[in-house]
Every structure is written in C-alpha cells, then in structure tokens.
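Student: My questions will all concern the structure given below.
Protein chains: 6
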Amino acid sequence: MSDAQPASGERYRRGLAQLEKMGGESVQSMLGNIQDLSPDLARITVEFPYGDILSRPGLDLRSRQIATVAALTALGNAPVQLRAHIDMALAVGCTEEEIKEVIIQMAVYAGFPAALNGMAAALEVFSAREKRGV
Amino acid sequence: MSDAQPASGERYRRGLAQLEKMGGESVQSMLGNIQDLSPDLARITVEFPYGDILSRPGLDLRSRQIATVAALTALGNAPVQLRAHIDMALAVGCTEEEIKEVIIQMAVYAGFPAALNGMAAALEVFSAREKRGV
Amino acid sequence: MSDAQPASGERYRRGLAQLEKMGGESVQSMLGNIQDLSPDLARITVEFPYGDILSRPGLDLRSRQIATVAALTALGNAPVQLRAHIDMALAVGCTEEEIKEVIIQMAVYAGFPAALNGMAAALEVFSAREKRGV
Amino acid sequence: MSDAQPASGERYRRGLAQLEKMGGESVQSMLGNIQDLSPDLARITVEFPYGDILSRPGLDLRSRQIATVAALTALGNAPVQLRAHIDMALAVGCTEEEIKEVIIQMAVYAGFPAALNGMAAALEVFSAREKRGV
Amino acid sequence: MSDAQPASGERYRRGLAQLEKMGGESVQSMLGNIQDLSPDLARITVEFPYGDILSRPGLDLRSRQIATVAALTALGNAPVQLRAHIDMALAVGCTEEEIKEVIIQMAVYAGFPAALNGMAAALEVFSAREKRGV
Amino acid sequence: MSDAQPASGERYRRGLAQLEKMGGESVQSMLGNIQDLSPDLARITVEFPYGDILSRPGLDLRSRQIATVAALTALGNAPVQLRAHIDMALAVGCTEEEIKEVIIQMAVYAGFPAALNGMAAALEVFSAREKRGV
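And the structure:
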C-alpha cells in the first residue's frame, strides 16, 4: 500500500515544473528506470529535491547547480547523478569552462581521483550534447 | 631536509595574495597551528589551493566559495575548514541567506545529518562575526 | 523571505507526532539549536524525515531505527545524530544488546574505527539514560 | 606462505553454515572470483563476518540484513555486495516492500543519490530472482 | 549472553602479543573505555585486527603502519584511532618525517582538509610523546 | 584562456620524470582521456602529485605506493586510479604478496566490501601484467 500514493499533489506539480525549468530530462530518464519498482521513490524525488528545495528562492539556479556539481564530484559515489547535474548546470547557464573549473577545484578539497573522475563525467556529458547538437 | 624549502617563490606570493583577497584570515590561523610541525604542508597549502587553483580565471570567487562550502558540507569530515570557507564566502560577497541555501540543499545530496552539521558550522561563523562586529 | 514559511502544515504536524511517537526529544533539542538561524531547515527536518519518510507504513519503527543506527555508525560523520537515534531506537523497543550487535556488525561493513566510535556513542547514550533514570 | 592456511577450522565451518542459512549463494560466487588470487581473503571473509559476527546471538537475522542493506546503501561504495545482501535479506524473511522502505529511508541519512542507486540495485536483484523463478 | 565469551583463546593471546610488539598502549587505553559496555567488541578488536591480520607474515610492520596511517588520514572519520596508529608507527620504526610525508601525500588522494587534519593529529601525538619523554 | 598554460615548466618536467621513474604508463593513459577536454587538469596532475609531492625526499617510493594503495582501497571511490597505483607499486618494487596484504589489512579499517573490491582490482592488474608478459 505504501507504494501507492498518487503523484498529483501541489509539491509534485511544483517539482515537475522545476525539473523542466532546469532542463532535467536526464533526471526524469533516471527516474523512469525505478518508476515501476518504486513509484513512491520516483514521486518523492520530484517532490522533495525539486518541489521543496531547488525551487526555493534565496539562491539562483546557476549557483545551485555549481553547488551540486561540486558536492557530487567530491562525494564520488553517484556518477549517473553527477552527469545529470552537469547537464542541468549547462541548461541553467553555466559555461563548460565554469563546470571544468568547479571540477578542477575539487582536487583541492576531495583529492585528484575525485577531480579526474568528475572530469571524465563532464567529458561524457559534453560529447553527448555535441552529438545531440545542443 | 624535505621540510626546508623556502616559502618565497612566485606561487607562494600569488597564493598569499589570493588568500588576502578572499579574506582568508581563518585559513592562515589554521595554517599557523601546523607551521612549526610541517612548514612544507603550510607552504604547499598556500601554493597549490590558493596560488594555483583558486586564483585561476574562468570562475568568479563567489561561485568558487559556493562550490567549496557545498563540498565540505557534503563530505562532512572537515568542520574547521568548513567554518573557514563559510567565513571566506561571506568575505567575497555571498550573503548569509545564500550560504544557508547551499547548506540546506546538501540535505538532498548528502543527507540531513550533513546539512544539520553544516548549519551548526554556519551558526558558529555568523555568531563569531557578529561578536567581531563584521 | 525564504526562511519564513509557517511551520504549521499537515506534514509538519504529522512529523511532530511521529517524533513524539519515536521518543525524539534529542532530535528536537538538536533542532532547537538551529531554529533561530534557519527556521526553514528546522521545519523541513520535521516535515521530510519524520512527516514524509519515517511515518510511512511498510516497515516497523524498530527496524527503521536499526537501519538508521547502522547507517550513521557506518558513515561516521554525524555523532550527534547517531546518539539521538540510539536513544530513539531504545524508545521504540530495541534492547541495548540489539543496538550493540548492530554496531559490532558495522565492523564488517565499514571497519573497526567506525564500530568503535559507534560503541563510544552508545556508551554515552546508555550512561545518560541511566542518570535520567530511564 | 601467508596465503596458505587451510580453510578447515571451526570458524570456517561455522561461517559456511551461516552463509548457507542466510542464502548467501551470491556471496560465495563473489568469493569464487578472488579465491585463486587470495585464498586467504576468501577464507577470512567466511570466518570473520559469517563465522564470528553474523552468527552471534543477540540480534535476529532479518534485523541483521536490514542493518547491512542500510549501511551499504548509505556508504554507496560496494554495489556488488549491496546486491548480494538484498538477496540475502529476502532469503531470511524480509519482504521486497521492507527492503524498498529501508532504501527510501536512506535518502534522509545519506542523500537521494545513495537511495536512487540503492533502488537500482534492488531492481536488479528482484528481476534476477523473478527470472530464476524464486 | 552474547557478550560473555572468555577473552582467553589463542587468537586473543596472539592479538595481545601483537599489540605489545607494536607499542599499542593507546589502542589498549581506547579499548578500556568500551570494555565495560561491550567486552565482546573489545575482545574482537584484539582478536581480529591484531591476532588475525596485523600478525600475518607477508608485510613488515613499518609498511603496515604506513598503510593504516594513510587510510585513516584519507578516510578522516576516526581521529582517535589515527592518533593511536601514528603512535604505533613511531613505535615500529617510522620516523616523524616519514609520517609527515605520508600525511602530506594524502592531500593528493583525499584532499587538503584530510591532510591538514592528519597533520594536526600528528602534532598532538608528537607533542604528547615529547612530554612523556619518548 | 584558463585552459591554455603551456605544459613545459620545471614542475611539469620533474613530474613527467617522476611518472616515468614510477612506471606510470597507466596514469598517462588515464590522463590522455581528459587531455583534450582539460589540458589544464592533465598538466596539473603531472605537476602537483608527481612534480611536487611524490618526488619529495623523506619517504621511499615503495612506501609511497603502499600508502596510496591503502588509501584508495579504503576510500573505494576510484577503481581506475587504484588499478594504476597497484601497477606502479609493482613497478617500484612491491611484491604481489605485499600488495595483497595491504588490501587485506583494509578490511580492518574500511570494512570487507572495500577490501574485496580492492582485491578484485589487484586481480585485474595482475592478470593484465601476465598477458603483457611483465
């Protein structure tokens, strides 16, 4: 039963709108994979990060994506999400150079392996966008 | 012998200048503690993070501090450095509200304990600045 | 402005009720510390973890606390929250022996330092409860 | 010489028996991969986690697996072992719904990327079991 | 009952002998703190790390301590154990300079905050030894 | 512009020489992948870790590689770099047995999943070397 709440409330709608505003196609495709197994986690991921947090005023979206790319590069445990957020950082106005600078800077705070893996993720995202003609 | 290179090269001077530009008194005080034990690590910390990386063009200092506050909040293993960088983030133009937003956002990517500990660090920095009359 | 939403919605009330059911005095005291600085993070911490997640059906509260004590012992970055959740685990029916077993087991998955630090946290909680006469 | 102790002592036998009781085929297959390179690590993995720790009284096997699935989801550095322990959690009586709840709960303590990666691991395990007709 | 196995077997004796050989007074004092709460974890910590692993042939004790100081500096989640192992590294023949080099090197692999915190731990150990007249 | 400094200074030359001395073909091949995207990060990775740190006197190369293999096994977030450093450890005189001992020891400090993943990395490196006839 717990996996059966409707994905239709105000927070969900606000989250979806926020995802679209941020170019979050890659997040939505990632959620698609777990939609059948856990519609609840898919719904919660739209509601809380996007509906509650990333849609808050007080910090511009470009800064929010810089923060997320930095954190995921430093943590190093979520390459799929890192690629999604590099893509979204570009969508909200970061340049490729800025993203590369954030990743290089993580060598200082999380070590070179984290930065090198982050740059490899950026390489994949930039190449995929070039192929898509973005 | 290895702990005896002079702290006087171009990278060191550039690093010191960068630290001053970024309001890095708290970093310098932290380095003071280890200066006697390892003059080399103190020197390298000025040269590489500040002289080589944070002084690079390509990303504004406000964005650089947002990236660092995000990463250190998410990693959660360096409360002293997190406080130093919150202080420096304010010095280069971030508002207290923006820093709080970055920290709240980390609840999404690194969990609530990381965000709550980050906010406790911000609380200490903001209070100390109030006492100093900044 | 972003730090000014009223802490009065349905999720907040459900979260508070859940916190009381789980004996979460230590969480509420921890939130008290950041209430003045970020009423929003205090409110969100009641709404999301307690109102949205821990109040879900599908898993009993004792198992939920075992999961949290295990995760916080393994991550090792949040001693305050670990102590709060050991306290709550006892409040929802775990025995001291069960908690010690969970912590010892983490030596296997996260190493001995994590387990030893977890046991030190348990020691503090058990002693504090003895003094309170619980 | 150090890699040549016989895998035949009491702890090893108790560990193997524990592994069988817990449905640990996936662990044994994982150990098979390193058996030739390091028979010692393979033997120690049976002896210590299974022979010494998981066979201890004081906590039921279902709770032990909930603790391990929580910790490995939160740490996020061992997807192969996470899948093995999700499989074993089902073997000792956890339901799929309970495992999904543990994983969703980790969004609170370790962030959404950890929970989403954990759910992807669960998806693989549940699908593989369906194919095997379990 | 689970916390009542005698600390008297062959592995325990071998572990204690290994601890003495490695100058592990600081580990024994750390274990003293949890001895009353969990005699089992205290016993297991002697038996497994010291009796089973660190007493293995195949790697000299100096190299073993370098490995542990490196890992604990990089992980950054166990300052008490890091100090104990810096002390033991000196006891088995590492020089202070070698330990400082290991810690500085961790700036590359785990970032500067980890290295700076590691050096602060070394500073405490070296000072304490000087006071003890070692 | 920031990605355009020439890779020709003294630190770069010293770093390249150090990489060759340490048998760092696998690092150079890894850097090749990101060379086009970020010539700066490729250059910095030669200059700082190899030119500044690993070429320091005060610790022999064999001990330096033991420290790095230990740290990367414990952190568990950089399998590509771990394999490169296992390869370099063999190149500077570590035996396969010594590397296996370092990895087994990490079960104590970072848990069994970290050690098992480290051993899987060693297995890949040892097999690849056998094929290359090293």
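The listed protein sequences correspond, in order, to chains P, W, A, S, X and B.
Residues are numbered in my numbering as their position in the first sequence, beginning at 1, plus a constant of 343.
Residues are numbered in my numbering as their position in the second sequence, beginning at 1, plus a constant of 343.
Residues are numbered in my numbering as their position in the third sequence, beginning at 1, plus a constant of 343.
Residues are numbered in my numbering as their position in the fourth sequence, beginning at 1, plus a constant of 343.
Residues are numbered in my numbering as their position in the fifth sequence, beginning at 1, plus a constant of 343.
Residues are numbered in my numbering as their position in the sixth sequence, beginning at 1, plus a constant of 343.
A virtual CB, placed ideally from N, CA and C, is assigned to each residue, including glycine.
#1: Quick one, are the C-beta atoms of Ala414(P) and Met449(W) less than 8 Å apart?
#2: Using a beta-carbon distance cut-off of less than 9 Å, what residues from the segment 374–399 of chain X approach chain S?
#3: Could you check the C-alpha separation between Phe469(B) and Phe455(P) for me, to the nearest Å?
#4: Shorter than 8 Å from the beta carbon of Asn420(S) to some beta carbon of chain B?
#5: Is it right to say Ser372(S) is buried, meaning 16 or more other beta carbons lie within 10 angstroms of its own, or is it exposed?
#6: Give the secondary structure of Ser491(P) by DSSP, where H, G and I count as helix, E and B as strand, and everything else as coil.
#7: Does the distance from the C-beta atom of Met365(P) to that of Leu404(P) stay below 8 Å?
#8: Hey, how far is the Cα of Arg356(A) from the Cα of Ile442(S)?
#9: Any chance the CB of Gly436(X) is under 7 Å from a heavy atom of the ligand ADP?
#10: From this set, Gln424(A), Ala385(A), Glu390(A), Asn376(A), which residue's C-alpha is nearest Ala453(S)'s C-alpha?
#11: I need the boundaries of the alpha helix (DSSP H) containing Tyr355(W), first residue and last residue.
#12: Taking the alpha carbon of Val477(P) as the point to measure from, which residue in Glu444(P), Asp430(P), Asn460(P) has its own alpha carbon closest?
#13: Please name the residue in Ala417(W), Ala350(W), Asn420(W), Val412(W) whose C-alpha comes closest to that of Glu439(W).
#14: Using DSSP with H/G/I as helix, E/B as strand and the rest coil, what is Gly299(B)?
#15: Cα-Cα, which of Leu466(S), Val389(S), Ala471(S) is closest to Leu380(P)?
#16: Between the beta-carbon of Ile409(S) and the beta-carbon of Ile377(A), is there less than 8 Å?
#17: Exposed or buried, which one is Arg475(W) when buried takes at least 16 other CB atoms within 10 Å?
#18: Judging by CA-CA distance, which residue of Ala432(B), Val451(B), Ile446(B) is the nearest neighbour of Leu362(B)?
#19: List, from N- to C-terminal side, the alpha helix (DSSP H) runs of 4 residues or more that fit wholly inside the segment 398–434 of chain X.
#20: Under 8 Å, Cβ to Cβ, is there at least one residue of chain W near Gly366(S)?
#21: Helix or strand or just coil, what does DSSP make of Gly375(S)?
#22: So what does DSSP say about Ala350(A), is it helix, strand or coil?
#23: Any beta carbon of chain B sitting closer than 8 Å to that of Ile409(P)?
#24: Should Ala457(S) be flagged as near chain P, meaning a C-beta pair shorter than 8 Å?
#25: Drop a sphere of 10 angstroms on the beta-carbon of Glu353(X), count the other beta-carbons inside from all chains shown, and report buried for 16 or more, exposed for fewer.
#26: Since Asn460(A) contacts Ala421(X) with CB under 8 Å, what's their CB separation in whole angstroms?
#27: Return the CA-CA distance between Asp395(A) and Glu368(A), expressed in angstroms with no decimal places.
#28: Is Pro400(P) buried or exposed, if buried means 16 or more other CB atoms sit within 10 Å of its CB?
#29: If you check the beta carbons only, do Val451(B) and Pro392(X) fall under 8 Å apart?
#30: Using Cβ-Cβ distances below 8 Å, what residues of the segment 412–440 of chain P are close to chain S?
#31: I'd like to know whether the C-beta of Gly454(B) is nearer than 8 Å to at least one C-beta of chain A.
#32: Rounded to whole angstroms, what's the CA-CA distance from His428(A) to Ile447(W)? Just pull it up for me.
#33: Mark Ser351(P) as exposed unless 16 or more other C-beta atoms lie within 10 angstroms of its C-beta, in which case mark it buried.
#34: Which residues of chain A have a Cβ atom closer than 7 Å to the Cβ of Val445(B), listed in chain order?
#35: Among Val389(W), Ile387(W), Ala464(W), Glu444(W), which has the Cα closest to the Cα of Leu402(P)?
Tutor: Once the coordinates are examined:
#1: yes
#2: Asp383, Ile387, Glu390, Phe391, Asp395, Ile396, Arg399
#3: 24 Å
#4: yes
#5: exposed
#6: Coverage of chain P is limited to positions 344 through 477, which leaves residue 491(P) absent and any answer about it impossible.
#7: yes
#8: 27 Å
#9: Here there are no bound small molecules, and the ligand ADP is not part of this structure.
#10: Gln424(A)
#11: 353–364
#12: Asp430(P)
#13: Val412(W)
#14: In this structure chain B extends from 344 to 477, so residue 299(B) is not present and cannot be described.
#15: Leu466(S)
#16: no
#17: exposed
#18: Ala432(B)
#19: 404–418, 422–434
#20: no
#21: helix
#22: coil
#23: no
#24: yes
#25: exposed
#26: 6 Å
#27: 19 Å
#28: exposed
#29: yes
#30: Leu415, Leu418, Asn420, Ala421, Val423, Gln424
#31: yes
#32: 21 Å
#33: exposed
#34: Near Val445(B) there are no residues of chain A at all, since even the closest Cβ is about 15 Å away, more than 7 Å.
#35: Glu444(W)
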